[in-house]
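Residues in the sequence shown are numbered from 1265 upward in steps of one, following this note's numbering.
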Amino acid sequence: MFVPGLIERKRDGGALTPGEWRDLIGAYHAGTVPDYQMSALLMAVYLRGMTREETAALLDAMVESGRRRDLGHLGLPVVDKHSTGGVGDKVSLVLAPLAAACGLAVPMMSGRGLGHTGGTLDKLESIPGFRTGLTLDETRAQMARLGVAMIGQTPEIAPVDKRLYAMRDVTATVECIPLIACSIMSKKLAEGLTGLVLDVKQGSGAFITDPAQSLELAQTMIRLGEDRGCPTVALLTAMDRPLGRACGNALEAEEAIMALRGGGPEDLVEETVQEAVEMVVLGRTGGGGGQPSAVSRQPSAADRAAIEKEVRAALSSGKAAEKFQQLIEAQGGNPAVVEDPSVLPQAKEVEVYYAPRGGTVLRVEPRTIGRAVVEMGGGRTKADDMVDPTVGFVITARPGQTVHASEPLASIFAKDAAGIALGRRALDAAIAIGEGKAELLPLIAARVTAQGVEALA
Ligand code: URA
């Protein structure tokens, strides 16, 4: 295989054959293709795109770089969710125990922060003692006991994705539909799922900002999943403002716990409940073990309403919070955090941010907030950076709200005075106050399936 020739063909707008993708990924995994050639190829893909056939071939090669899990022995529907990444997006922390409390097996494998977005693993690791690095055997045992695990990518599952993901993060090649689709679907298909729910973000804080393109991303992933026997549904959700109020690892863990205990911001709860409903619907359509299908892939309004009632009851009854507590304990964390979030690490410096003027909050720009959290130490600019779990923001101002000058809009959490100053500048830039109306994307714009797009807003 002459790799410079493959890079050149891609650079000039040509396509690689499925066999070439398989050989290239195999050689990269074996260590005979160096990172610098792979990163040149990734940039060529970023600029030129991939055909459907190439995307499918890359995905299959990425899955084949590792093992596939088989959780059939659980006798339960195995359903997971993955988000394309956002700011303040702590849905997974609430959703995994919630879906497990509703009778699903949820083998959630997540990532770390990527670019300006936070990662579920970093949020979980803000809980003292919490281990995300379980082995597959440990995960298997925990799944049998609790029906849920929240782990990082193990060396056995799509190992090539782990390397490509880290390289894309530092070579400006994240925002690319086929690369995102292959990255997400390679991990998920290797999990041995009977159903998958995708949360595809749209808006300025998403990796793919253009709503038309986020639909294309959703449809690409759905096609890849369905063609490989994994029923896949996507919700298109808003990322033109942070989700919920908290942005930053420990602050988000605390907000997720509030939601599990029946409180929490409305948008976070609503999005989580609707994703849980989709997971339960997929789980009850007969794929895999578990209950025979009582609900069709396109459930009636009455079936959906019944499932939603069940999901909300699992939240309000404390069943989901109890599941999270068991999960934390099983993974070495301090379960007391669910009763007492002050167990979480606390920032050294806290400052309230006041409205510089009165008017309507027109925007709270998520990308500016996400970047500031990274710069304050809450994310990585190099792959081996340590993350400070305590830093970030709690932003109570919502787009559309009328505020008065000097009214508190947010709190800044930092490790020192320089971090507070950085946070203040970020809020000055991110929160636009003026006259007129805030233009917002709907929280959940559409439900996308292999059958089509159902507008929800
Ligand atoms: N999440 C992933 O797992 N991969 C991406 O490329 C983007 C978001």
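Idealized CB from N, CA, C, for every residue including glycine.
Close CB contacts of A1325 within its chain, under the 6 Å cut and outside five residues either way in sequence, are with W1285, R1286 and I1289 (chain order). The count of Cβ pairs closer than 8 Å, one atom from the segment 1621–1631 and one from the segment 1681–1698, reaches three, so the stretches are in contact.
For T1496, the three-state secondary structure derived from DSSP is strand.
For a cut-off of 8 Å, the C-beta gap from Q1466 to A1502 is around 7 Å, short enough to register as a contact. Here T1473 has G1467 as same chain residues with Cβ atoms under 7 Å from its own Cβ, once five neighbours each way along the sequence are excluded. Judged by DSSP secondary structure, G1687 falls within the alpha helix (DSSP H) whose first and last residues are A1681 to A1694. The beta carbons of G1352 and P1506 sit closer together than 7 Å. CA-to-CA, the gap between G1349 and F1471 works out to about 7 Å. If you draw a straight line from the Cα of M1522 to the Cα of Q1562, it comes to about 32 Å. Nearest neighbour of A1636 by Cα position, chosen from Y1617, A1674 and R1688, turns out to be R1688. In this chain, the beta strand (DSSP E) harbouring F1677 covers P1672 to A1678. For C1446, the secondary structure class from DSSP, reduced to helix, strand or coil, is helix. Residue environment for H1346: buried (at least 16 other C-beta atoms within 10 angstroms of its C-beta).
Here P1371 carries a strand assignment [DSSP, helix/strand/coil]. Looking at G1597, V1533 and R1548, the one whose alpha-carbon comes closest to that of A1578 is V1533.
What you get when you keep residues with a C-beta closer than 7 Å to any heavy atom of the ligand URA is H1346, T1348, G1349, G1375, L1378, Y1429, R1432, V1438, L1443, I1444, S1447, I1448, K1451 and F1471. In this structure, DSSP gives D1491 a helical state, which the three-state scheme calls helix. In this structure, the straight-line span from the alpha carbon of K1583 to that of H1337 is close to 24 Å. In terms of CA proximity to D1692, A1661 leads the group L1705, A1661 and M1265. Selection E1420, P1609 and S1450 evaluated against D1386 yields P1609 as nearest (Cα-Cα).
Out of V1297, R1576, I1444 and F1588, the CA that lies nearest to the CA of S1356 is found in F1588. Residue pairing by DSSP places V1628 opposite I1695 in a beta bridge. CA-to-CA, the gap between T1384 and G1367 works out to about 22 Å.
Annotation for E1574: the continuous alpha helix (DSSP H) segment containing it runs A1565 to S1580.
For the pair of segments examined, the segment 1317–1332 was found to touch the segment 1444–1452: the number of CB pairs separated by less than 8 Å reaches three.
For T1549, there is no enclosing alpha helix (DSSP H), since its DSSP letter is neither H nor E.
Of the candidates G1283, P1672 and V1342, V1342 places its Cα closest to the Cα of M1543.
Cβ neighbours of G1411 within its own chain (closer than 6 Å, five residues either side excluded): A1364 and A1369.
In the three-state DSSP reduction, D1648 falls in the coil class, being neither helix nor strand. Rounded to the nearest angstrom, the gap between the Cα atoms of L1428 and I1421 is 13 Å.
Taking the CA atoms as reference points, A1669 sits about 11 Å from Y1617.
Around the beta carbon of G1489, 16 or more other beta carbons lie within 10 angstroms, which makes this residue buried. Under the 10 Å beta carbon count, F1657 is surrounded by 16 or more other beta carbons and is classified as buried. For V1461, the uninterrupted beta strand (DSSP E) run begins and ends at G1459 to Q1466, by DSSP. Where H1668 is concerned, there is no enclosing alpha helix (DSSP H), because DSSP gives it neither an H nor an E.
When Cβ pairs closer than 8 Å are counted between the two stretches, the segment 1600–1607 is seen not to touch the segment 1399–1406, the count staying below three.
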